[in-house]
Structures are given as C-alpha cells and as structure tokens.
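Working notes for the structure below.
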Amino acid sequence: MFREEPVSFKNRADQELFGVAHLPLVSNDERVRKIGVIFLNPGPGYRIAHRRLYVRLARRLAREGYYALRFDPAGIGESEGSVDEAMLFNLFTSINKGRFINDVNDAADFFITRYGLEEIILIGLCGGAMTALLAAPYCRQKLTSLILLSFPVLFNSLEAEEKTALAPAYARDIVRGYLTNLMNFKVLSLSAWKSLVRNIKDRGLHRLLARLLEVLRQAVSKDSPSFLHPNFNKLFLDVLERVKKDIEINFIFGEYDRWKLYFEVEFEQKIAKKWAEKGYRKFIIKNENHLFTFQESQDELIGVILGLLPPTGKEVAQVLGAAKEGGQRVPAC
Amino acid sequence: MTKPLFFKNKENNYYLFGFLFQPRVKNANNRKGVIFCDSIGSEKYFSHRVLVNFARLLQANGYVAFLFDYYGNGDSEGDFESTRLESYLSDTKEAIEFLTQETKVEEVYLLGLRLGAVFASLVAAKEIGVEGLVLWSPVIDVGEYLYDSLRSNLTIQGIVHKRIKFNRAQLIEQIKNNTPVVVEGYVMVKDFYQSLFDINLKTIRLRPESRVLLVEISNKVDSEKNGALDLIFKDNNQCLRVVIQDDPFWILKGTNQRYITSSRLLFEKTLSWLG
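Residue numbers (my numbering), protein chains in the order written: chain A, 49 to 381; chain B, 2 to 276.
In structure tokens:
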C-alpha cells in the first residue's frame, strides 16, 4: 500500500513549484532504507508524462517501498514561472541545455529533507532524461543512479535536420520506411498525398528532392563512424566526464524509437569506446516506441526499472494496513 | 492562493486530484466559481498549461477557479480503462459540490474543453445550480471522435508490425467484442466505448435559463464545422456562438510548431462573457 500527497516548495528563484509525492506505507523499522525516486518532466509535458506513464510508474514504485516524487519545474504544469520560447523545438533545445537543472536539485533537497531519505535516483523520459544527466553533477544530495528513458543525444531542430549530412545508418532506415510504405500501398492513400503536398508547400519541392537524393546516396555508401552529427549534444559528453564514478547510468529505449538508433550510431559506434571505463547499461524494450505506449511494455519497463533500483529491505519490515481516509491522503489503487 | 488537493468522490468512494485557485483580489467576481471539465488522453496532456494559465487569469480577476482530474485521468486515482460516462458525470457533480462547500462561491460555471464540454453539458442539463456553460471546441459527435482517435493505433501498427493489421472498423469490432484497444497509450474497453459512442451534443437539451458560451477554435475557416455550431442548443436563446481563429492547443503534431500556453482572443472573450 501507499499514500499520495500534493506537495509544493520554492525553488531558488522563489517560484512555487508543485508536485505529487507517493509514499510507501512501511513501518519505521531501521532496516528499511528510505530511497527516493524523482521523475523529471519530459520536454514541455507535465508531471504525469505522456500516456500517464509517470503516474503508473510512481504508484508501482511506492507499492514496492520506494518514495517517489513527480513535480513540475518552473513554467510547466501548475508551477509558477513561464516559458517564453515561441517554438517547441526551441523549448526542447533549452531543456537539453539544462534549463531545469536548478529546479531538479531544489526538488531533491526538498524531497530528501521532507521525508528523511537516504539516497535518491533520477528518472526521466526524453528531455527529462537529458535533464537528469545534466543535473547529476550539481546534485548536492546522495544521488546513486540515473535511469534515462528514450535519451535524446541530438538537439531537435528542423532547420538543422535539413542541413544535416545523413549518416548511412539513418539513410538506410529512411529507405526501409519508404519501401514499407510502398508495400503497404500507401501510394493509394489520400492522406499520404495530402501530407506530401503539405510538405512540398512548407519546405519547397527542390529541398525535398535534394533531401531524397542525399538519402539515396548515403543509403548505398559505407558507414563513416568518425563523422559526428552536427546536432549532437556535446554537453552530454562533458557531463558524463563529470558525473561521479559511483553514479550508475542506465539507458532504456523502445526497440522502434528513432532515438535508440541515434544513440547507437552517434554515441555507441562513434564515441562510446572512449567511455568504456565509465560503464553504463542499456536495455531495450521490445516492440515499443519512444513513449512506451503499450501496457505490456510498460509492465516490462517497470520490471527493468525495479531491477535497477537498490533494495529497500521492505520485505523485512511489516507493511502497514490501508491508509485512513481524509486529509490529503489517497488509498492505493 | 493556489492549493493542490485531493477530494473524495463519495458516490464511488475514490479520490480525485484538483487545484483550487482562490481569488487574489476582492471584488464582485469572488462569488463566481469556474470548474474546468478537461478533455481526456493526449488532448488533456497537451492543453494542460493553457487551462492552468486561464485559471490563473480568472484568479487574478477575482474568480475562483477549480481544475480537477477525472477518475483514471491525470493525478486522480484509478486507471483510464475503468472509466465510464457515469464516472465522468459523477466526478463533475462531486467537483461542483466540493467547490460550493469549500469556498464562498454562489454561482458555478462549467468550462468544458473538447470531450469535457460534452460531460459539462450533460451535467448542466440535469443539475440545478449550474449558472452557465463555457464550451471550448466541443466534441459534437462522440462516436465519430472515438473513431477518429483510433488513427493513432494505426500509426503504432505501422511502426511495430510494418503494416496495418486491423483498420478502424475492425478495431471498433474488437472493442465491442471485449478486446481492449490501445489509443495513444490509453486502453479503450467495451464499457467505456459503449457508454459514450452514441452521444451527440446536438441532442442534448439544456434548461432554457442556462447561459452558454460556445466557442469554436480553429486555425482555418471551416464553414461546415462552424455551421455545425448553430445546430447545438438551438432551442436555447441564451447561447452565444463564437468562432476564434487560433491554433488548436490540444493537438501536438511535432516539434516544428508553436508552443502554446495561452490563447489571447479566447481568454478575452471568455472572461468578458463571464462578466
């Protein structure tokens, strides 16, 4: 069983941030370790995450004896502050440069102090994963592990995407997509033609043709592993160097997430050997996309995450009965 | 004061999450409370900040605003697949009761977005004590809306299976035969579908004294869609119909689009209508 309570705290800019804490109902047995897991918002999304993924994960972790916090940094959800970026990809870029790292560390201070936690783990999806990694070196508290879902090694930018000289691995992936569409008779689909017309209108026919030629050229060329993608987020490498050796780094991807491909091509094939001594773990959830859409995969994801968390020792302690009604409490679902 | 809280749905014995925005200024608006009836699924997720910002605007203008999550949605208790039309309506009624008991609000307005506008209308049609309705781009034909929402399942099939194994008509049949179907990560089950699919806003009859602001938000002139507004609540002579040209903030197509956190015209129009 667990209970939930809404929380609020001030960040260092004196803005009030809001969130929900999930608290296990375990006894005060000293053999039970108080371990906290903080969920970091994915991109511009708020604390529930796409498909309510964070709500499901946090509730499951609380049932297993962990403390969990889902909160919104400044300008997100109900939290104070504002986001001034006009375009979404500009907001993504600012997040991937560390926009929220102070709020994460303020949240960690609050969470640990409020519930007397012994250690914390950061979990994030997409932009939240990058936030977790970028925040890690600045964490004043006992951070022991990072769990990074659908980690984005590249900055989002439509303009940059067009300028990018494609790596052969991506080009082949794109050509595979074209062939699949052809085999599925998408050529007969009205919406596919509408989408093409819209694309021509937005980007211009000459640019689309140039892009197509580049894709085909790269698809038949050999891999060139030394070429670094111009959108590669180099902050990621800087931070890896600074993250303390005793922090575990875990990457989890959906099998069909394009960010998995970017991670493998841009980081693992080109750079990771340099970081071999650092060590990290990577897990793939079968038949899944970027957002872990399917319930079965979410269950598998939860299993992987639980396997990565240090044991709380909950099993040695007596689990208390159901939460009482009233106040700010919610009984377990 | 802005306060996050849980409140109980006493009828169904579960807890719902809400945010209460108490007025920052003292004026005649203090007796008016606006309850937000959210949409569901991804529409709820993407529109969240816009609703929060409108709640803050109401708060700054002296109104009480209350955002809450339906059972199985947002931060509230439960799983989405356990939700039914009845739970959405019951939750809305509990929110009205909570707001009137916890604050000094004397006039309650329901502000519904998309499918939330349908829930708000159904409650207002039956409940005495709802002063007025604000409907932002309401879903008109719920069956059509649910059918459209299955498009995301086709996209996922394309990614995972590399082809479309089941078209939308087949997915509907699966749901009717008790095989749940995932729509943007939310599980659509038979009971949910059957409780909702035959609702049409055009057939809902409000009480004649109900005040209504009906707003269609569209980034292009769509005369057919806008014409459909005239068929809603056509017996109600207190219904103001407005079309606002703006991007639909409950849809996210990709990162190459505006990051929408407010809608100036929509906010101004709604605020002035509330009085």
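Backbone N, C-alpha and C fix where the C-beta goes; we use that ideal spot for every residue, glycine too.
Quick caveat, the model's predicted, so the values are computed rather than measured.
So, Gln189(A) versus Glu128(A), is the Cβ gap smaller than 8 Å? Result no, Cβ atoms of Gln189(A) and Glu128(A) do not sit closer than 8 Å.
Comparing C-alpha positions only, which one of Thr256(B), Trp251(B) and Gln23(B) sits nearest to Pro139(B)? When only C-alpha atoms are compared, the closest one is Trp251(B).
Chain-order list of residues whose beta-carbon lies under 8 Å from that of Leu52(B) (same chain, five-residue window excluded): Answer for Leu52(B): Phe37, Asp39, Leu68 and Leu114, listed in chain order.
Based on Cα-Cα distance, which residue from Gly91(A), Ser243(A), Glu133(A) and Arg79(A) lies nearest to Glu422(A)? In the structure as shown, chain A begins at 49 and stops at 381. Residue 422(A) is therefore absent and cannot be evaluated.
Selection of the stretch 124 to 146 of chain A by Cβ proximity to chain B, strictly under 8 Å: Close to chain B, meaning a Cβ-Cβ distance shorter than 8 Å, are the following residues of the stretch 124 to 146 of chain A: Ile124, Gly125, Glu126, Ser130, Val131, Glu133, Ala134, Met135, Leu136, Phe137, Asn138, Leu139 and Phe140.
Residues sharing a beta bridge with Val35(B), DSSP: Per DSSP, Ala66(B) and Tyr110(B).
If you count every other CB in all the chains shown that lies within 10 Å of the CB of Glu314(A), and 16 or more means buried, which is it? It is buried - the Cβ of Glu314(A) has at least 16 other Cβ atoms within 10 Å.
Closest residue to Leu100(B) among Phe8(B), Leu202(B) and Arg206(B) (Cα-Cα distance): Per the Cα distances, Phe8(B).
On the CB-based measure, 16 or more other CB atoms within 10 Å of its CB, does Trp241(A) come out buried or exposed? Classification of Trp241(A): exposed, given that the 10 Å Cβ count is below 16.
Go through the stretch 188 to 272 of chain B residue by residue and report every complete run of the beta strand (DSSP E) that reaches 3 residues or more, in order. You should have 212 to 219 and 240 to 246.
Would you verify that the beta carbon of Arg259(A) is, or is not, closer than 8 Å to some beta carbon of chain B? For Arg259(A), the answer is no, since every Cβ of chain B falls outside 8 Å of its Cβ.
Contact list for Gln96(A) against chain B, beta-carbon separation under 8 Å: The displayed chain sequence assigns Ile, not Gln, to residue 96(A). Tyr46, Gly75 and Asp76, listed in chain order.
Identify every residue that forms a DSSP beta bridge with Arg100(A). In DSSP, Arg100(A) forms no bridge with anything.
Contact residues within the stretch 294 to 305 of chain A, judged by C-beta distance below 8 Å to chain B: Flagged, chain order: Tyr304.
Where Thr156(B) sits in the DSSP three-state scheme: When secondary structure is reduced to three states using DSSP, Thr156(B) falls in the helix class.
Is the beta carbon of Gly146(A) sitting closer than 8 Å to the one on Leu283(A)? Between Gly146(A) and Leu283(A), the C-beta spacing is below 8 Å.
What's the gap between the Cα of Ile248(A) and the Cα of Arg255(A)? Within the model, the alpha-carbon separation for Ile248(A) versus Arg255(A) is close to 9 Å.
Using a C-beta to C-beta distance shorter than 7 Å, which residues of chain B count as neighbours of Thr228(A)? Those within 7 Å of Thr228(A) in chain B are Lys163.
Are the stretch 332 to 351 of chain A and the stretch 296 to 310 of chain A in contact at 8 Å, needing three or more beta carbon pairs? The stretch 332 to 351 of chain A and the stretch 296 to 310 of chain A touch, with no fewer than 3 CB-CB distances between them shorter than 8 Å.
Burial state of Lys318(A) (16 or more Cβ within 10 Å): Per the 10 Å Cβ criterion, buried.
Examine the Cβ distances between the stretch 94 to 109 of chain B and the stretch 124 to 143 of chain B and report whether three or more of them are shorter than 8 Å. Taking a cut-off of 8 Å on C-beta distances, the stretch 94 to 109 of chain B touches the stretch 124 to 143 of chain B, as three or more cross pairs fall below it.
Residues that Phe66(A) contacts on chain B, provided the C-beta gap is smaller than 7 Å: Close to Phe66(A), with beta-carbon spacing below 7 Å, are these residues of chain B in chain order: Pro5.
Check for me: the alpha helix (DSSP H) holding Pro72(A) runs from which residue to which? Where Pro72(A) is concerned, there is no enclosing alpha helix (DSSP H), although the beta strand (DSSP E) it sits in stretches over Glu64 to Pro72.
Helix, strand or coil for Ile129(B) per DSSP? Ile129(B) falls in the coil class under three-state DSSP.
I want to verify the contact list: residues of chain B whose CB lies under 9 Å from the CB of Phe342(A), in sequence order. Around Phe342(A), the beta-carbon contacts reaching into chain B at under 9 Å are Ile157, Val161, Val183 and Gly186.
Put Met178(A) into one of helix, strand or coil per three-state DSSP. Helix at Met178(A).
By Cβ distance below 7 Å, which residues in the same chain neighbour Leu6(B) in space, the five residues on each side in sequence not counted? Here the set comprises Gly19 and Leu21.
Using beta carbons (cut-off 8 Å, strictly below), is Asn337(A) in contact with chain B? Cβ-Cβ to chain B under 8 Å: yes for Asn337(A).
Measuring CB atoms only, is the stretch 109 to 116 of chain A touching the stretch 150 to 157 of chain A, in the sense that at least three cross pairs come out at less than 8 Å? The stretch 109 to 116 of chain A vs the stretch 150 to 157 of chain A: no contact.
Buried or exposed: Pro54(A), going by 16 or more other Cβ atoms within 10 Å of its Cβ? Counting the other CB atoms within 10 Å of its CB gives Pro54(A) a total of 16 or more, which places it among the buried residues.
If we count the other Cβ atoms within 10 Å of its Cβ and call it buried at 16 or more, is Asp120(A) buried or exposed? With 16 or more other Cβ atoms within 10 Å, it is buried.
Using 8 Å as the threshold, is the C-beta distance between Val68(A) and Arg118(A) below it? Taking 8 Å as the Cβ cut-off, Val68(A) and Arg118(A) qualify as a contacting pair.
Apply the 10 Å Cβ neighbour rule to Ser43(B) and answer buried if 16 or more other Cβ atoms are within range, or exposed otherwise. Buried is the call here.
Does DSSP put Ile168(A) in a helix, a strand or coil? It is a strand residue.
Whose CA, out of Ser91(B), Lys163(B), Gln102(B) and Asp247(B), lies closest to the CA of Leu278(B)? Here chain B covers residues 2 to 276 and nothing more, so residue 278(B) does not appear.
Within the 8 Å Cβ cut-off, does Val26(B) reach chain A? For Val26(B), the answer is no, since every Cβ of chain A falls outside 8 Å of its Cβ.
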